[in-house]
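Trainee:
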Amino acid sequence: MARHDDDLDDFGRFSEPALMILISLADGAKHGYAMTDDIEEVSGVRFGPGTLYGAITRLEGRGLIQRIESDDRRNPYRLTALGEKALRARLASLQAIARVGQRRLASA
Amino acid sequence: MTWLLRLYPPPWRRRYGDEVTEMLADQRFSLRIAIDLIAGAIDVWLHPSVTLAAAVAAEPHVEEKKTMLQRIARLDCGAALGPEVTTADQWRATAAALAGTIVLSLAWMAAHVRIGDNSYVDSLSMLTFIVPWLYSLRYTYLKKRPASVQAVFIGGFSLLIAAMMLAAGWIASHL
Chain W
1 MARHDDDLDD FGRFSEPALM ILISLADGAK HGYAMTDDIE EVSGVRFGPG TLYGAITRLE
61 GRGLIQRIES DDRRNPYRLT ALGEKALRAR LASLQAIARV GQRRLASA
Chain V
1 MTWLLRLYPP PWRRRYGDEV TEMLADQRFS LRIAIDLIAG AIDVWLHPSV TLAAAVAAEP
61 HVEEKKTMLQ RIARLDCGAA LGPEVTTADQ WRATAAALAG TIVLSLAWMA AHVRIGDNSY
121 VDSLSMLTFI VPWLYSLRYT YLKKRPASVQ AVFIGGFSLL IAAMMLAAGW IASHL
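Chains as they are written, first to last, in our numbering: chain W, 1 to 108; chain V, 1 to 175.
1) Taking the beta carbon of E60 (chain W) as the centre, do at least 16 other beta carbons fall within 10 Å, making it buried, or is it exposed?
2) Just curious, the beta strand (DSSP E) that G67 (chain W) is in, first and last residue?
3) Can you give the beta carbon distance from G63 (chain W) to L82 (chain W), rounded, assuming they're within the 8 Å contact cut?
4) Could you check how far apart the C-beta atoms of T51 (chain V) and R58 (chain W) are, in whole angstroms? I think they sit under 8 Å.
5) Using beta carbons (cut-off 9 Å, strictly below), is D117 (chain V) in contact with chain W?
6) As an exercise, report each continuous beta strand (DSSP E) stretch of at least 3 residues that is fully enclosed by the region 14-95 of chain W, in chain order.
7) Should G82 (chain V) be flagged as near chain W, meaning a C-beta pair shorter than 9 Å?
8) Which residues in chain V sit within 8 Å of E60 (chain W), going by Cβ to Cβ distance?
9) Return the chain-ordered list of same chain residues with a C-beta closer than 7 Å to the C-beta of R104 (chain W), the five sequence neighbours on each side being excluded.
10) Kindly indicate which residue of V:F153, V:D117, V:Y120, V:S148 has the alpha-carbon position closest to the one of V131 (chain V).
11) Could you tell me which of V:L98, V:E59, V:V85, V:A39 sits nearest to P11 (chain V), measuring between CA atoms?
12) Rounding to the nearest angstrom, what Cα-Cα distance links A57 (chain V) and A88 (chain V) in this structure?
13) Between which two residues does the alpha helix (DSSP H) harbouring F129 (chain V) extend?
14) Among residues of its own chain, excluding the 5 on either side of I68 (chain W), which ones have a beta-carbon nearer than 8 Å to its beta-carbon?
15) So, is S30 (chain V) buried or exposed, given that buried needs 16 or more other C-beta atoms within 10 angstroms?
16) So is L81 (chain V) buried or exposed if we call it buried at 16+ other beta carbons inside 10 Å?
17) Assuming contact is defined by CB atoms lying nearer than 9 Å, are V85 (chain V) and Y139 (chain V) in contact in what I supplied?
18) Does the beta-carbon distance from L37 (chain V) to L5 (chain V) come in below 9 Å?
19) For T215 (chain V), which of helix, strand or coil comes out of DSSP?
20) Determine whether the Cβ of I23 (chain W) lies closer than 9 Å to any Cβ atom of chain V.
21) What are the start and end residues of the alpha helix (DSSP H) that includes M1 (chain V)?
22) Here's a check: name, in chain order, each residue in its chain whose Cβ is nearer than 6 Å to the Cβ of L87 (chain W), leaving out the five neighbours to either side.
23) Can you find the residues in the same chain that come closer than 6 Å, C-beta to C-beta, to F157 (chain V), ignoring five residues on each side of it along the sequence?
24) Taking the alpha-carbon of V42 (chain W) as reference, which of W:D72, W:L19, W:G12, W:R13 has the nearest alpha-carbon?
25) Helix, strand or coil for C77 (chain V), going by three-state DSSP, please let me know.
26) Using a C-beta cutoff of 9 Å, does G54 (chain W) count as contacting chain V?
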């Protein structure tokens, strides 16, 4: 299967937090605390600040998310066009894998 | 728990410190979060090129006056962001490491023949390749660093390792 989601592949143990952050930012900009709450609501997992910012720094460094400067100490982040593309590619890849898994389970 | 943020490199703290401080503001001490923060700090120091890219890019490019220790403490960040190491530099580093190892090995063998079995001389044998390797770093990781920083880095680590080896020799001679 051709891969189009290389941007998240080399995040190592931060791949999952990075994916969850991209999903969290897909419906609008959020600061770190709001992301943590949102991710917990969606997935039931609450990332610690070390893990969350380990993923944020990588995503920001790769241009997948962008910090919005604000007067508040809590700067929100938003998805960039590159980040949206990477998220779409990763979700499509996961959907394809899920379909294969469900098909095989159904025929077992 | 915000004191744990002191474990992070200064560029990281300047970029993300306030945000994480806000996140921790109402947080009671939690071992899970403390471990998470410590692991995060280790990650930043180990992978500065991916974790500090945005923070360093956002830094104002002002030539600050830094103490030698501050310069040394920043070596990893600078090196990981890529000193321009050419193929010629790599050859120079390899040649320096090999030539240094041969010269020091010969010197060590001469000392061994002259002095005979001696735990201190034996313990220094490791220096014959470690010191040349440290010296070779001036062509790679230490490239473009001030000569004083190179001298302190190479000399400091060489002396530290020599002291450790001599201590090992002392222990061996007293067993």
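Glycine included, C-beta positions come from ideal geometry on N, C-alpha and C.
Mentor: Taking the geometry as given:
1) What you label residue 60 (chain W) is simply residue 60 of the first sequence in a count that begins at 1. Label assigned to E60 (chain W): buried.
2) Here residue 67 (chain W) refers to the residue found at position 67 of the first sequence. A quick correction: the sequence has Arg, not Gly, at residue 67 (chain W). That run of the beta strand (DSSP E) goes 65-67.
3) Looking up residue 63 (chain W) in the first sequence gives position 63. Looking up residue 82 (chain W) in the first sequence gives position 82. Right, their Cβ atoms sit about 5 Å apart.
4) Indexing the second sequence from 1 puts residue 51 (chain V) at position 51. Indexing the first sequence from 1 puts residue 58 (chain W) at position 58. For T51 (chain V) against R58 (chain W), the beta-carbon gap comes to about 7 Å, under 8 Å, which counts as contact.
5) Position 117 of the second sequence holds residue 117 (chain V). So no, D117 (chain V) is outside the interface.
6) 65-67, 77-79
7) Your numbering for residue 82 (chain V) matches position 82 in the second sequence. A caution first: G82 (chain V) carries a pLDDT of 46, below 50, which makes its placement in the model unreliable, though a value can still be read off. So no, G82 (chain V) is outside the interface.
8) Position 60 of the first sequence holds residue 60 (chain W). Those are A53, A54, listed as they occur along chain V.
9) Start at 1 with the first residue of the first sequence, and residue 104 (chain W) comes out as number 104. Taken in chain order, the list of residues that qualify is empty.
10) Here the question's residue 131 (chain V) lines up with position 131 in the second sequence. Closest by alpha carbon: V:F153.
11) By 1-based counting over the second sequence, the position of residue 11 (chain V) is 11. Minimum Cα distance to P11 (chain V) is reached at V:E59.
12) Numbered from 1 along the second sequence, position 57 holds the residue referred to as residue 57 (chain V). Numbered from 1 along the second sequence, position 88 holds the residue referred to as residue 88 (chain V). Here the alpha carbon of A57 (chain V) sits roughly 29 Å from the alpha carbon of A88 (chain V).
13) Along the second sequence, one-based indexing puts residue 129 (chain V) at 129. Residues 127-136.
14) As a first step, residue 68 (chain W) must be located in the first sequence, where it is residue number 68. These residues qualify, in order along the chain: A29, N75, P76, Y77, R78.
15) Along the second sequence, read from residue 1 onward, the residue named residue 30 (chain V) stands at position 30. Its Cβ having fewer than 16 others within 10 Å, S30 (chain V) is exposed.
16) One-based indexing of the second sequence puts residue 81 (chain V) at position 81. Caution applies to L81 (chain V), whose pLDDT of 41 falls short of 50 and renders its modelled position unreliable; the model cannot decide the point.
17) Working through the second sequence from its first residue, we reach residue 85 (chain V) at position 85. Working through the second sequence from its first residue, we reach residue 139 (chain V) at position 139. Yes, they are a contact pair.
18) The residue labelled residue 37 (chain V) in the question sits at position 37 within the second sequence. The residue labelled residue 5 (chain V) in the question sits at position 5 within the second sequence. Cβ atoms of L37 (chain V) and L5 (chain V): closer than 9 Å.
19) Outside the displayed span of chain V (1 to 175) sits residue 215 (chain V), for which this structure offers no information.
20) Sequence index remark: in the first sequence, residue 23 (chain W) carries index 23 (1-based). With 9 Å as the cut-off, I23 (chain W) does not count as an interface residue toward chain V.
21) Along the second sequence, read from residue 1 onward, the residue named residue 1 (chain V) stands at position 1. Here M1 (chain V) belongs to no alpha helix (DSSP H), and DSSP marks it neither H nor E.
22) Residue numbering aside, residue 87 (chain W) sits at position 87 when the first sequence is read from its first letter. These residues qualify, in order along the chain: L22.
23) Taking the second sequence and counting its residues from 1, one reaches residue 157 (chain V) at position 157. Excluding sequence neighbours, F157 (chain V) sits near L134.
24) Here residue 42 (chain W) is taken as the residue at index 42 of the first sequence, counted from 1. Taking only the C-alpha atoms, the option nearest V42 (chain W) is W:L19.
25) One-based indexing of the second sequence puts residue 77 (chain V) at position 77. Low confidence applies here, because C77 (chain V) scores a pLDDT of 46, under 50, leaving its location unreliable; read the following figure in that light. Here C77 (chain V) sits in helix by DSSP.
26) Translated into positions along the first sequence, residue 54 (chain W) becomes position 54. G54 (chain W) counts as touching chain V.
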